[in-house]
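Its first residue numbered 636, the sequence shown is counted upward by one per residue in this note's numbering.
Where a beta carbon is used, it is the ideal one built from N, C-alpha and C, also for glycine.
Following: one structure in structure tokens, then a few remarks.
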Amino acid sequence: MMRAIRAGIALVALATTTTAFGQYTFPSFNRTVNSTAGSVPLPTGAVPAGSYTSYSVSLNWSALSGGPWSDEAIWALTEAPIASATTFYADPGPAPNSQSNGTARTLNWSGFLDTPYSGGDPLHFAHLQTFGGSSAQWNSISVTLGFDTPAAPTAIDLGNLGAGMTMVTGTLNPGQVIWYKFTIPEIDGGAGDFLTLDTHGSTLTGGSFGDGNDSELGVYSSAGALKGTNDDCDFSSGDLLSCMNFGADQLLPPLPLGDLSAGTYYVALGGFDTSYGAAFGASSTSPVSGSYKLTLNTNVPEPTTLGLLALGLAGLRRRRA
Numbered sequence: 636m637m638r639a640i641r642a643g644i645a646l647v648a649l650a651t652t653t654t655a656f657g658q659y660t661f662p663s664f665n666r667t668v669n670s671t672a673g674s675v676p677l678p679t680g681a682v683p684a685g686s687y688t689s690y691s692v693s694l695n696w697s698a699l700s701g702g703p704w705s706d707e708a709i710w711a712l713t714e715a716p717i718a719s720a721t722t723f724y725a726d727p728g729p730a731p732n733s734q735s736n737g738t739a740r741t742l743n744w745s746g747f748l749d750t751p752y753s754g755g756d757p758l759h760f761a762h763l764q765t766f767g768g769s770s771a772q773w774n775s776i777s778v779t780l781g782f783d784t785p786a787a788p789t790a791i792d793l794g795n796l797g798a799g800m801t802m803v804t805g806t807l808n809p810g811q812v813i814w815y816k817f818t819i820p821e822i823d824g825g826a827g828d829f830l831t832l833d834t835h836g837s838t839l840t841g842g843s844f845g846d847g848n849d850s851e852l853g854v855y856s857s858a859g860a861l862k863g864t865n866d867d868c869d870f871s872s873g874d875l876l877s878c879m880n881f882g883a884d885q886l887l888p889p890l891p892l893g894d895l896s897a898g899t900y901y902v903a904l905g906g907f908d909t910s911y912g913a914a915f916g917a918s919s920t921s922p923v924s925g926s927y928k929l930t931l932n933t934n935v936p937e938p939t940t941l942g943l944l945a946l947g948l949a950g951l952r953r954r955r956a
């Protein structure tokens with residue numbers, strides 16, 4: 636039967652290869668969880684400083700009242716109590732081993748954080764049973780953060796970007812995501828630096844709107860963190876191709892997506908509809924195909940070999956109906 640869902644935390648499924656480097660496990664705790672989202676602060680003072688990129692969570696789930704199911708148990712890691720949270724470090728949705736029934740079971744999740752966690756900053760465990768009026772007992776909740784890294788996708792290497800335009804073309808097939816990577820110095824909008832990406836000049840067909848010339852773009856850090864996405868340059872004017880702007884505002888319809896640290900970045904190009912998740916989690920169900928053109932433009936100079944060596948040592952997506 637159909638289950639009525641009256642409330643929720645964003646659901647993103649994720650699975651990928653990891654390489655382990657270390658971890659920190661919080662003291663376990665118990666919670667009674669119902670269909671009103673709640674949260675509890677985690678004892679962050681003991682977390683060693685670092686850039687945590689992955690998580691694993693387990694808990695012993697059992698039904699209480701209102702007919703809850705284990706696949707309605709969802710949680711998130713946030714920087715504040717859930718009522719005022721704006722940063723979601725992780726919100727993976729139902730456990731892969733959950734079930735559409737009330738049988739007691741141990742639930743397990745693992746994956747990559749949507750946003751790296753530095754340790755010591757406030758961290759809250761938000762929780763919810765999504766079926767209205769139901770409640771369940773979550774015992775022995777164990778949260779572990781790790782330094783695991785996702786396997787980078789096979790990508791066409793554009794090398795070191797310097798001031799000016801870099802343009803590439805190719806053929807996009809239905810359901811395909813095409814990856815590029817590039818290396819840049821810091822993009823500091825306050826200093827007037829910018830980096831833009833767009834797919835203008837593409838001739839794609841098969842989309843759901845207008846002539847079907849409809850692309851999507853996503854940009855990832857070398858650690859697999861999603862830095863931003865764009866579906867349409869300007870949907871209201873019928874421009875369904877994609878535009879992204881980092882650093883200083885270049886007066887493109889999408890607002891700037893923030894600054895970028897010096898390093899290597901990955902671009903994922905697909906047709907509408909392409910989904911972008913953490914840890915290089917780009918996938919496409921798009922029928923769009925044809926010729927694409929990807930242009931990257933920046934005003935920062937090409938990074939020098941010495942600069943790259945120093946770097947190495949230093950170690951709104953719109954949904955359419």
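_Measuring CB atoms only, is the segment 707-715 touching the segment 794-806, in the sense that at least three cross pairs come out at less than 8 Å?_
no
*Start and end of the beta strand (DSSP E) containing residue 658?*
658-660
*Under the rule that 16 or more other beta-carbon atoms within 10 Å means buried, what is residue 684, buried or exposed?*
exposed
*asked:* Buried or exposed for residue 741, going by 16 or more other Cβ atoms inside 10 Å?
replied: exposed
*residue 910 by DSSP, collapsed to three states: which one?*
strand
*Can you check whether the CB of residue 875 is closer than 9 Å to the CB of residue 868?*
yes
_Minimum Cβ-Cβ distance from residue 934 to chain D less than 9 Å_ = Checking the listed chains, one finds no chain D in this structure; it contains a single protein chain.
*What's the gap between the Cα of residue 915 and the Cα of residue 704?*
31 Å
*asked:* Just to check my reading of the structure: residue 926 and residue 909 have Cβ atoms closer than 8 Å, yes? What is that Cβ distance to the nearest angstrom?
replied: So it is not a contact: roughly 17 Å between Cβ atoms.
*May I ask you to report which of helix, strand or coil DSSP gives residue 706?*
helix
*From the DSSP output, in three-state form, read off residue 782 for me.*
coil
*asked:* According to DSSP, simplified to helix, strand and coil, what is residue 872?
replied: helix
*Would you identify the three-state DSSP class for residue 725, choosing helix, strand or coil?*
strand
_Contiguous beta strand (DSSP E) assignments of at least 3 residues, all confined to the segment 787-875_ = 791-795, 799-807, 813-819, 829-833, 838-840, 850-856, 861-865
*Using DSSP with H/G/I as helix, E/B as strand and the rest coil, what is residue 898?*
strand
_Complete beta strand (DSSP E) runs within the segment 743-768 (minimum length 3 residues, chain order)_ = 759-764
_Does the segment 666-673 come into contact with the segment 742-753, if we say contact requires no fewer than three beta-carbon pairs (one atom in each stretch) closer than 8 Å?_
no
*Return helix, strand or coil for residue 698, following the three-state DSSP convention.*
strand
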